[in-house]
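Novice:
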Amino acid sequence: MDVGTLAFSALYQFGDAFAFLVLSACGLAVIFGMMGVINLAHGEFIMCGAYVTVSAAHAGVPLPLAILIGALVSAAVGALVEILIIRHLYDRPLDTIVATWGLSLIFTQGTLIVLGSTMAGVGTPFGSFTVGDYSYSLYRLVLCGMAVVVIAGLYALFNWTRFGVMARATIQVPHMAAALGIDTRLVYSLTFALGAGLAGLAGGLYAPTMTLVPTMGTTFIMEAFVTVVVGGADVFLGTAPAAAILAVVKATMTSWYGQLAGQIGLLMAVIIVIRVLPRGISGFLLRERA
Amino acid sequence: MPMLQTLGLNKRFGGLHVTNNVDLTLQAGEVHCLIGPNGAGKSTLFRLILGEHLPSSGAILFGGEDITSLKPFQRIRRGMSVKFQVPGIFKALSVRQNLEIAMQHHYPPAVLGEEIDKLLAFLNLTADSTRLAGNLSHGQKQWLEIGMAVSLKPRLLLLDEPTAGMSPEETHATGEMVKRLNAQGMTVLAVEHDMAFVRQVAQQVTVLHLGKVFAQGSIDEIVANEDVAAIYLGQTTAHETAHEPAGGPHA
Amino acid sequence: MNALSRFFARLEGPQTLGRGPGFWIGFLIVLAGACAYPLFSDGYTVGNTVYFFTWIFMALGLSLIWGYGGALSFGQTAFFGIAGYAYGILTINFGAAYGFTFIALLFAVAIAALFAALLGYFLFFGRISGVFLGIVTLSVTLVLERFMAQTAGPEWKIGAARLNGFNGMSNMPPLTVPWPGGDIVLFPDVQLYYVVLGMLVLVYLGLRILVNSPFGNVLVAIRENPERAEMLGYDIRKYQLGTFVIGAALAGLSGVLYTSWGQYITPSSMGMTAAALPIVWVAVGGRSDLTTTLVGTITVLAVFQALTIHGSQYALVVMGIMLVLTVLLAPRGLIYALARLIARPFSKRQPGDA
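Chains as they are written, first to last, in the numbering used here: chain A, 839 to 1128; chain B, 16 to 266; chain C, 703 to 1056.
1) Under 8 Å between C-beta atoms, does G1054(C) make it to chain B?
2) For T949(A), which three-state DSSP category applies?
3) List, in order along the chain, the chain C residues whose C-beta lies closer than 8 Å to that of H926(A)?
4) Can you pull the chain A neighbours of F824(C), defined as C-beta to C-beta under 8 Å?
5) Compare the C-beta of E115(B) against all C-beta atoms of chain C and say whether one is closer than 8 Å.
6) Establish whether the CB of L719(C) and some CB of chain B are separated by less than 8 Å.
7) With a CB to CB cut of under 7 Å and the five nearest residues on each side skipped, what residues in its chain are close to G44(B)?
8) Any Cβ of chain A within less than 8 Å of the Cβ of I1023(C)?
9) Mind checking which residues open and close the alpha helix (DSSP H) that includes N35(B)?
10) Count the other CB atoms within 10 Å of the CB of E929(C); is the residue buried (16 or more) or exposed (fewer)?
11) Out of T40(B), L39(B), S71(B), Q42(B), which one is the CA nearest neighbour of V33(B)?
12) Would you call the segment 801-812 of chain C and the segment 773-790 of chain C in contact, with 3 or more CB pairs under 8 Å?
13) What residue does the alpha helix (DSSP H) around T994(C) start on, and which one ends it?
14) May I ask which residues mark the beginning and end of the alpha helix (DSSP H) holding F817(C)?
15) Does the distance from the CB of F870(A) to the CB of A1017(A) come in under 8 Å?
16) Compute the Euclidean distance between the alpha carbons of L861(A) and F1063(A), then round it to the nearest angstrom.
17) Return the CA-CA distance between L906(A) and C982(A), expressed in angstroms with no decimal places.
18) Going by DSSP in three states, L877(C) sits in which element: helix, strand or coil?
19) Got a sec: is the Cβ-Cβ distance from K1050(C) to anything in chain A below 8 Å?
20) Does the distance from the C-beta atom of T843(C) to that of T793(C) stay below 8 Å?
21) For L151(B) and A1015(A), what's the separation of their Cα atoms in angstroms?
22) So which of L730(C), A798(C), A705(C) has the shortest CA-CA distance to P880(C)?
23) Roughly how many angstroms separate the alpha carbons of S1014(C) and V1005(C), rounded to a whole number?
24) Please report the residue range of the alpha helix (DSSP H) in which T1090(A) lies.
25) Classify W983(C): buried if its beta carbon has 16 or more other beta carbons within 10 angstroms, exposed otherwise.
26) Where do the ends of the alpha helix (DSSP H) carrying A1062(A) lie?
27) A863(C) bridges to which residues according to DSSP?
28) Three-state secondary structure (DSSP) at H47(B)?
29) My parser needs the beta strand (DSSP E) runs of 3 or more residues fully inside the segment 163-199 of chain B; what are they?
30) Should G987(C) and T995(C) be called a contact, given that it needs their Cβ atoms to be closer than 8 Å?
31) Applying the 10 Å Cβ sphere with the 16-neighbour rule, what's the burial state of Q157(B)?
32) Please list, in chain order, all residues of the same chain as A253(B) whose beta carbon is under 8 Å from its beta carbon, the five residues on each side excluded.
33) Name the DSSP bridge partner or partners of M95(B)?
34) Counting only the same chain and skipping the five closest in sequence on each side, list residues whose C-beta sits under 8 Å from that of S84(B).
35) Hey, which unbroken runs of the alpha helix (DSSP H) at 4 residues or more fall wholly within the segment 982-1011 of chain A?
36) Going along the chain, which residues of its own chain have a beta-carbon closer than 6 Å to the beta-carbon of T949(A), five neighbours each way excluded?
Given below as structure tokens:
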């Protein structure tokens, strides 16, 4: 194998890992960064997006549209959860974790009861291509592109739209934002729905590549947790660079020793990072700038 | 040997120079007040002395020992103690439990109860000992916090705005407490806005302005100092205004 | 008599709900009932009750870490699993003769505690707290489960003990008491019941002494206001780490007893669902008190088992609903709220309970 194909292979591995980390984590990161809440039902929102996407695709909806529907349904469920539960717990972050874990149990087991232990999936679209002796999935490259699109889209949303400005104002000085006439409850609901929708999007995007089971959320959450812990509270200064760094660790470990080694590598990385940078990469960057 | 000495203490946050070459000396046994307009760097200096922030450069000596890089709890164990501006009491515990937690390692169990009773009497909190600390009045919370700080029998007591939000009567009572503690030999450093309190207790006063020591002396000297009056009225000199907007006058 | 009253004084304090002669008379009645219970039941049912008891140690440990110390850890099942596997590996290799199973128990608990000390060092000395502590401990637990699940191959063995991947280890000897005239093997039956009941009483009373000691005072102080606690001269990292390790050791004890009880341990005992259950028991019972945690754990387990007859999926949904409702309606726990309600008319208002 020549240097070019080797480099491509490494880049592909890295891109694949990066996309998975970004897409898994961004919904969790938006909710944590904006609201200080860790949503332990994050994996179940991903599952929800995947199930809805596949159901829509089975009903004849084209895949891109089906993925969008999956994301929207997750967002709607997220808004409902925020109104019914999360809203009442803002001054108790630890209790939010516990309550969302209860939700996670309900969603996982409820899906198992209603829809059974597995659901027929849809095939991975676009087929594959070869570089050198190896074949690669084209869809994985699409996912990689989507990860970049999601980060760019979030950046645009929070910096250039009215909602984004209101959301940032609410997060920084809640009582001031309220005094200026911003409906902070609505902002929190929308932010939570956005996070849930992003989780649903991740589920929809990865649905064609994996088996649909009610516990599929757990496949994503470890990566999502690790990325958010390493990244800290800021989506752009934290999640994206954390995903890039962790992708290197994960891709390297995975290609040498397999999938589990990749995960163990991630865990080691996070434990070392928290010892050195307790507030994550963004905490470190923001402190230096302050 | 001075009780506390800061040598050329600097703290920068990014480009902002919050304390600038501060040399402060506290002699053992004195009550020393730190005053200055908002943004003068008083709180930062306080946190540097406590070890909550580490200085960008400079050194802190406590009883002659260099404590610049020690953690907060290590400084406490060497005989420092602090009362925060916002009372850091344990709101869900009773007044008595609050003091118990503070004092349990300093007294044998046999005399602990007695010592707590003594301190409660000193703080005028005897009648409230079983109440939850969170239900005390604002002034009482401040006293409880002072009590927790005092209970460690520190050589140096640090008070961050001990009378903030107190009525004039409560302020006076607090001043009497500080004087009694001082009479027992405790060295006190207080950040304070209330000039009546400063007059009541201070033997030495340091005026901090824009991160620098602006004036130092006895309370009479400081009151007579026209430059000090000027900064409190916001009339700063040109090169200083360029550095940071001047703070306004204070109540 | 004086020594006895001094002993009782150490069991009581502001950090525990139950106190006074009334409580201790009730305690003795319940204990007597628990001792007499096997006389009125059959060996199989008694063995089943022991199964409940094995989990309580882990719940009490979590009450200490989370309820008293304020640090929400999802890592209890990880330490449970580590100790369970360690017990299996040790006893399969060295057998059960000469009381070795009890030495294995001690080693297994020590290994879990050591692992907790290592992890806790990074967490607490890195000043991780709040939500991050929860998700890092959960991540560790999940990765451990996945690691054990992929050990199916024959290369994964320690001495004579095969790890067996997802199917888990089985057929390790149960706890065995060396006895003149033949060892007593503690199968899930009346004898094991009394051994575990004895351990439970010891651990419960020991923890009561701990939380009402100066150590417990500092622990509660850290939960209420970590900065103030540090400014009283306490190195809060050491207190948090110590608590975490004690809690983990209790989870390890649960793991060993569980493994010995059923003679098997599988990776799913560390999975997402397994990790959620201790949280449910402790939260529903009332995490900030040892007694409500104990009563809550037994109650929830009993409800869970009753529901499992209709299918364990339904039981888990009910657990989830219970958890959400507890957090929303009775944040300090259902049993806790109930205990407060019952205790109110009998005692004058105690400070520090509100």
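For each residue, glycine too, the CB sits at the ideal point set by N, CA and C.
Specialist: Per the coordinate set shown:
1) Taking the first residue of the third sequence as position 1, residue 1054(C) is located at position 352. Interpretation of G1054(C) is limited by its pLDDT of 41, a score under 50 that renders its predicted location unreliable; no figure is taken from the coordinates.
2) For the purposes of this step, residue 949(A) is taken as residue 111 along the first sequence, with counting starting at 1. T949(A) falls in the helix class under three-state DSSP.
3) The residue labelled residue 926(A) in the question sits at position 88 within the first sequence. Those are L1030, listed as they occur along chain C.
4) Reading the third sequence from its first residue, position 122 is the one you call residue 824(C). Against chain A, a Cβ distance below 8 Å from F824(C) picks out I1109, I1110, I1112, R1113.
5) The residue you call residue 115(B) lines up with position 100 of the second sequence. Under the Cβ criterion of 8 Å, E115(B) is counted among the residues facing chain C.
6) Sequence index remark: in the third sequence, residue 719(C) carries index 17 (1-based). Nearest CB-CB separation between L719(C) and chain B: not below the 8 Å threshold.
7) Counting from 1 along the second sequence, the entry for residue 44(B) is found at position 29. Taking C-beta separations shorter than 7 Å and ignoring five residues to either side along the sequence, the partners of G44(B) in its chain run G200, T202, following chain order.
8) Counted from its first residue, the third sequence places residue 1023(C) at position 321. By this cut-off, I1023(C) is an interface position.
9) By 1-based counting over the second sequence, the position of residue 35(B) is 20. Element bounds for N35(B): not the alpha helix (DSSP H) but the beta strand (DSSP E), 31-41.
10) Translated into positions along the third sequence, residue 929(C) becomes position 227. Taking all protein chains shown into account, E929(C) has fewer than 16 neighbouring C-beta atoms within 10 Å of its C-beta and is therefore exposed.
11) Against the second sequence, residue 33(B) aligns to sequence position 18. Of the listed residues, the one whose Cα sits closest to V33(B) is S71(B).
12) The segment 801-812 of chain C is in contact with the segment 773-790 of chain C.
13) On the third sequence, residue 994(C) is found 292 positions in, with the first residue counted as 1. Taken as a continuous stretch (DSSP letters only), the alpha helix (DSSP H) holding T994(C) covers 992-1010.
14) On the third sequence, position 115 is the one that residue 817(C) refers to. Where F817(C) is concerned, the enclosing alpha helix (DSSP H) stretches over 802-827.
15) Your numbering for residue 870(A) matches position 32 in the first sequence. Your numbering for residue 1017(A) matches position 179 in the first sequence. Taking 8 Å as the Cβ cut-off, F870(A) and A1017(A) do not qualify as a contacting pair.
16) As a working note, residue 861(A) is residue 23 in the first sequence. As a working note, residue 1063(A) is residue 225 in the first sequence. Cα atoms of L861(A) and F1063(A): separation of roughly 12 Å, rounded to the nearest angstrom.
17) Looking up residue 906(A) in the first sequence gives position 68. Looking up residue 982(A) in the first sequence gives position 144. Going by the C-alpha atoms only, they are around 17 Å apart.
18) Within the third sequence, residue 877(C) is the residue found at index 175, counting from 1. If DSSP states are grouped into helix, strand and coil, L877(C) belongs with coil.
19) In the third sequence, counting from the first residue as 1, residue 1050(C) sits at position 348. For K1050(C), the predicted model reports a pLDDT of 47, less than 50, meaning its position is unreliable; a value from the coordinates is still stated below. No, K1050(C) does not count as interfacial toward chain A.
20) Counting from 1 along the third sequence, the entry for residue 843(C) is found at position 141. Counting from 1 along the third sequence, the entry for residue 793(C) is found at position 91. It is not a contact, given that the beta carbons lie outside the stated cut-off.
21) Residue 151(B) sits at position 136 when you count from the first residue of the second sequence. Residue 1015(A) sits at position 177 when you count from the first residue of the first sequence. Rounded to whole angstroms, L151(B) to A1015(A) spans 31 Å at the Cα level.
22) The residue given as residue 880(C) occupies position 178 in the third sequence. Comparing Cα-Cα distances from P880(C) to each of L730(C), A798(C), A705(C), the minimum goes to A798(C).
23) As a first step, residue 1014(C) is located in the third sequence; it is residue number 312 there, counting from the start. As a first step, residue 1005(C) is located in the third sequence; it is residue number 303 there, counting from the start. For the pair S1014(C) and V1005(C), the Cα-to-Cα distance works out to about 12 Å.
24) For the purposes of this step, residue 1090(A) is taken as residue 252 along the first sequence, with counting starting at 1. Unbroken alpha helix (DSSP H) run through T1090(A): 1078-1095.
25) Within the third sequence, residue 983(C) is the residue found at index 281, counting from 1. Under the 10 Å beta carbon count, W983(C) is surrounded by 16 or more other beta carbons and is classified as buried.
26) Here residue 1062(A) refers to the residue found at position 224 of the first sequence. Where A1062(A) is concerned, the enclosing alpha helix (DSSP H) stretches over 1055-1069.
27) Counting from 1 along the third sequence, the entry for residue 863(C) is found at position 161. In DSSP, A863(C) forms a bridge with I860(C).
28) Within the second sequence, residue 47(B) is the residue found at index 32, counting from 1. H47(B) carries a strand assignment under DSSP once its states are collapsed to helix, strand and coil.
29) Listed in chain order, they are 171-175.
30) To locate residue 987(C), count along the third sequence from 1; it is residue 285. To locate residue 995(C), count along the third sequence from 1; it is residue 293. Closer than 8 Å, so yes.
31) As a first step, residue 157(B) must be located in the second sequence, where it is residue number 142. Classification for Q157(B): buried.
32) Translated into the one-based positions of the second sequence, residue 253(B) becomes position 238. Any reading at A253(B) is ruled out, since the residue's pLDDT is 38, under 50, leaving its predicted position unreliable.
33) Position 80 of the second sequence, counted from the start, is the residue given in the question as residue 95(B). Looking at the DSSP output, M95(B) shares a beta bridge with L171(B).
34) In the second sequence, the residue the question calls residue 84(B) occupies position 69. Excluding its 5 nearest sequence neighbours in each direction, S84(B) has C-beta neighbours in its own chain below 8 Å: L69, listed in chain order.
35) You should have 1000-1010.
36) The count along the first sequence starts at 1 and reaches residue 949(A) at position 111. These residues qualify, in order along the chain: P1052.
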